[in-house]
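> In order, the protein sequence lines correspond to chains R and B. Position 91 (the first sequence) corresponds to 91 in our numbering; numbering is contiguous. Quick note: to get our numbering, add 228 to the position in the second sequence (first position is 1).
Number of protein chains: 2
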Amino acid sequence: MDELVWERPEPPARAAPVPLSRARIVETACALADEGGLEAVSLRKVAAALGSGPMRLYGYLDTKEELLDLMTDAVYGEIPLPDPETEGLAALRALAHGCRAAVQRHEWFADLIGGRPGLGPNALAYLEASLAAAAGPGPIEDAMITVFTVHSYVTGAVRSEIRERRLISDTGLDEESWQRAAAPYLQRMFDSGRYPTLLRTARDAVHPDGDAVFSAGLDRVLSGLSLS
Amino acid sequence: MDELVWERPEPPARAAPVPLSRARIVETACALADEGGLEAVSLRKVAAALGSGPMRLYGYLDTKEELLDLMTDAVYGEIPLPDPETEGLAALRALAHGCRAAVQRHEWFADLIGGRPGLGPNALAYLEASLAAAAGPGPIEDAMITVFTVHSYVTGAVRSEIRERRLISDTGLDEESWQRAAAPYLQRMFDSGRYPTLLRTARDAVHPDGDAVFSAGLDRVLSGLSLS
DNA sequence: CAACCCCTCGATACACTGTATTGAGCAAAT
DNA sequence: ATTTGCTCAATACAGTGTATCGAGGGGTTG
């Protein structure tokens, strides 16, 4: 009390605290990430968007990583699960496409997926559906490997796709400036003669769109599974 | 000059600046990451390990992300390339195993791989070798898809593996405490009845080691490629 | 109705991050 | 011999995750 009462300002009439919930927190964190990417998600910003101080969130979370885990599980929850009648391969395909669609809606999901243990209820449900689709008459270990294989492909593929999209959109929205930025470097690399196949590819190949590439790769993976 | 010379201390006899190079920077950054993970890599720590101030690094890098890119390419450089005589499928398999081996040596590589555009010379060489191995008589687009498929699987798989390893080693080195931490939760989830296949798997399946799973998945992927 | 207590929440603080700016000292060039 | 330019370190700043603390209000008890 280093000031007299007369000088000291009144307490700032604290606004009625906004009711909070884990769901609301995750929701606004996802919204922040949707526009601005994962780096736009900080506890301070999330709290500010909710009209509260940062430390309040620690009542609902122990750590920022837990927030990311919750966000991850929220996205898993958006992936529609095929109904159990669906035949195995078709179900796996549907899950894969659902996962990719989720990444298209939430680019940042590509940064999280496969990165931390997905033990949330929705991730488990996704896993359950995959496993059920893959399970056949044989030993369950086969189904595990099938799921591992497909999901590894899916996570790797969606990351690749997002990465490439960013490579373009980072240099500026137009393809022009990207050409000017990286093309000369690549040109020089190709001129070195060390990458003949790459050079031929860059010259000849027509670059197909992401959908087609993903589907084609997925088909190859699925056809290697020797599933009943 | 707010003090008289007599009071003012001598300049700290600045130590002869350590000669630096991009290679040395990347090397020590990788060393720091090897013990301590990616979060142990900060420009300050790298600089300190080199005996210099942080800002000096900006002569060699524009950004921390560039350092991570260099580290990524350094690891790509460790992957042995199959000699060009090797038959296509065998070469792809060798590259995949080489990539996985690199991740075993540098866990942090799993966090970087597939995350940012790998345009460094070593990554390009890896890509060139993959593309050359995948290229057949058909259109080059087929080879692109093949490479995309295999590499997507590999990146996804190694991330999965590292993630699982961390899940165990994070809770404490012993399996005991992990059981105590997550097992009750999973138990309750399984008891909910929503994850029957998962439950059966957790109960019945013997968990095979990472090598076997990776190889088995890779074989499935490769066998789906319909490569000559 | 009054007094207490707990518990929730915000303010403050700390260590740390990446990076911009500034200024000092030395080497080379005029 | 003087100036110029370049290299590097010190300082500074905004932002991060999180620990600590103190005040305030709501519910429970006298």
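Note that beta-carbon positions come from the ideal geometry of N, C-alpha and C, so glycine has one too. Remember, predicted model here, so these are calculated numbers, not experimental data.
Between Leu304 of chain B and the rest of its own chain, which residues show a CB-CB distance below 6 Å, the 5 nearest in sequence each way excluded?
In the sequence on display, residue 304 of chain B carries Tyr and not Leu. The residues are Asn350, Ala351, Tyr354.
> Do Arg344 of chain B and Leu296 of chain B have their C-beta atoms closer together than 8 Å?
Cβ atoms of Arg344 of chain B and Leu296 of chain B: closer than 8 Å.
> Using the three-state DSSP reduction, which class does Leu218 of chain R fall into: helix, strand or coil?
It is helical.
> Which residue spans inside the region 20–45 of chain R form an unbroken alpha helix (DSSP H) run of at least 4?
The region 20–45 of chain R contains these whole alpha helix (DSSP H) runs: 22–34.
> Would you mind stating whether Gly348 of chain B and Asp290 of chain B have Cβ atoms separated by less than 8 Å?
Cβ distance not < 8 Å, so Gly348 of chain B and Asp290 of chain B don't count as in contact.
> Using only the alpha-carbon positions, how far apart do Gly59 of chain R and Gly452 of chain B sit?
Near 49 Å, if we compare the C-alpha coordinates of Gly452 of chain B and Gly59 of chain R.
> Roughly how many angstroms separate the alpha carbons of Asp142 of chain R and Arg44 of chain R, rounded to a whole number?
Each residue's alpha carbon lies about 46 Å from the other.
> For Leu199 of chain R and Gly342 of chain B, I'd like the C-alpha separation in whole angstroms.
If I take the Cα positions, the gap works out to 21 Å.
> Can you tell me whether Tyr173 of chain B is helix, strand or coil according to DSSP?
No statement about residue 173 of chain B is possible, as the shown extent of chain B runs from 229 to 456 and does not include it.
> Name, please, each residue of chain B whose Cβ falls closer than 7 Å to the Cβ of Gln197 of chain R.
With the sequence shown as reference, residue 197 of chain R is identified as Thr, and Gln is not the correct amino acid for it. In chain order: Glu356, Leu359, Ala360, Ala363.
> In chain order, what residues of the same chain have a beta carbon less than 6 Å from the beta carbon of Glu3 of chain R, not counting five sequence neighbours either side?
Low per-residue confidence applies at Glu3 of chain R: pLDDT is 49, beneath 50, and the placement is therefore not dependable, though the value from the model is reported in the following sentence. The answer is none, since no qualifying residue turns up.
> What residues from chain R crowd round Ile368 of chain B, counting only those whose CB sits closer than 9 Å?
Simply Thr197, Arg200, Thr201, Asp204, Ala205.
> Which whole-angstrom value is the C-beta distance of Leu222 of chain R and Leu89 of chain R, which I expect to be below 8 Å?
With 8 Å as the limit, Leu222 of chain R and Leu89 of chain R qualify as a contact, their Cβ atoms being about 6 Å apart.
> Three or more C-beta pairs under 8 Å: does that hold for the region 372–382 of chain B against the region 151–158 of chain R?
Segments in contact, yes.
> Straight-line CA distance for Ala430 of chain B to Pro139 of chain R?
About 13 Å.
> Taking the alpha carbon of Gly118 of chain R as the reference point, which residue from B:Asp437, B:Glu392, B:Gly264 has its own alpha carbon closest?
Cα-wise, what sits closest to Gly118 of chain R is B:Glu392.
> Figure out for me which residue from R:Ala101, R:Leu70, R:Glu107 has the closest Cα to the Cα of Asp34 of chain R.
The residue with the shortest Cα to Cα distance from Asp34 of chain R is R:Glu107.
> Express the C-alpha separation of Pro436 of chain B and Thr233 of chain R in angstroms, rounding to a whole number.
The displayed coordinates of chain R run from 1 to 228. Any statement about residue 233 of chain R would go beyond what the structure contains.
> For Arg22 of chain R and Pro308 of chain B, what's the separation of their Cα atoms in angstroms?
Cα to Cα, Arg22 of chain R sits roughly 48 Å from Pro308 of chain B.
> Quick check: is the beta carbon of Ile79 of chain R nearer than 8 Å to any beta carbon in chain B?
Ile79 of chain R does not count as touching chain B.
> 8 Å is my cut-off, CB to CB: does Gly41 of chain R come that close to chain B?
Gly is not the amino acid found at residue 41 of chain R; the sequence shown has Val there. Chain B, which has no Cβ nearer than 8 Å to the Cβ of Val41 of chain R, makes this no.
> Along the region 371–391 of chain B, what residues have a CB closer than 8 Å to any CB found in chain R?
Of all residues in the region 371–391 of chain B, Ala371, Met372, Ile373, Thr374, Phe376, Thr377, His379, Ser380, Tyr381, Val382, Thr383, Gly384, Ala385, Arg387, Ser388, Arg391 have a Cβ within less than 8 Å of some Cβ in chain R.
> Going by beta-carbon coordinates alone, are Thr86 of chain R and Ala94 of chain R separated by less than 8 Å?
Yes, the pair counts as a contact, with Cβ atoms nearer than the cut-off.
> From what residue to what residue does the alpha helix (DSSP H) around Leu112 of chain R run?
Taken as a continuous stretch (DSSP letters only), the alpha helix (DSSP H) holding Leu112 of chain R covers 109–112.
> Could you tell me the alpha carbon to alpha carbon distance between Arg100 of chain R and Val158 of chain R, rounded to whole angstroms?
Between Arg100 of chain R and Val158 of chain R, the C-alpha separation is close to 6 Å.
> For Glu306 of chain B, which residues of its own chain have a beta-carbon under 6 Å away from its beta-carbon, when the five flanking residues on both sides are left out?
Answer for Glu306 of chain B: Ala330, listed in chain order.
> Could you tell me if Glu39 of chain R is buried or exposed, where buried requires 16 or more neighbouring beta carbons within 10 angstroms of its beta carbon?
The residue in question, Glu39 of chain R, is exposed, as its Cβ has fewer than 16 Cβ neighbours within 10 Å.
> Is the beta carbon of Ala276 of chain B less than 8 Å from the beta carbon of Ala319 of chain B?
It is not a contact, given that the beta carbons lie outside the stated cut-off.
> How long is the line joining the alpha carbons of Ser388 of chain B and Leu32 of chain R, rounded to whole angstroms?
Straight-line Cα distance between these residues: approximately 27 Å.
> For Gly326 of chain B, is the classification buried or exposed, using 16 other Cβ atoms within 10 angstroms of its Cβ as the cut-off for buried?
Buried is the call here.
> When the Cα of Thr197 of chain R is compared with those of B:Leu359, B:Gly265, B:Ala444, which residue comes out closest?
That would be B:Leu359, whose Cα lies nearest to the Cα of Thr197 of chain R.
> So which residues of chain B does Met189 of chain R contact, with C-beta pairs closer than 9 Å?
By Cβ distance, chain B contributes Leu347, Pro349, Leu352.
> Select from R:Ser192, R:Phe148, R:Phe214 the residue whose C-alpha is nearest the C-alpha of Gly438 of chain B.
Taking only the C-alpha atoms, the option nearest Gly438 of chain B is R:Phe148.
> Among the residues of its own chain, which have a CB less than 6 Å from the CB of Met144 of chain R, if the five just before and after it don't count?
Taken in chain order, the list of residues that qualify is empty.
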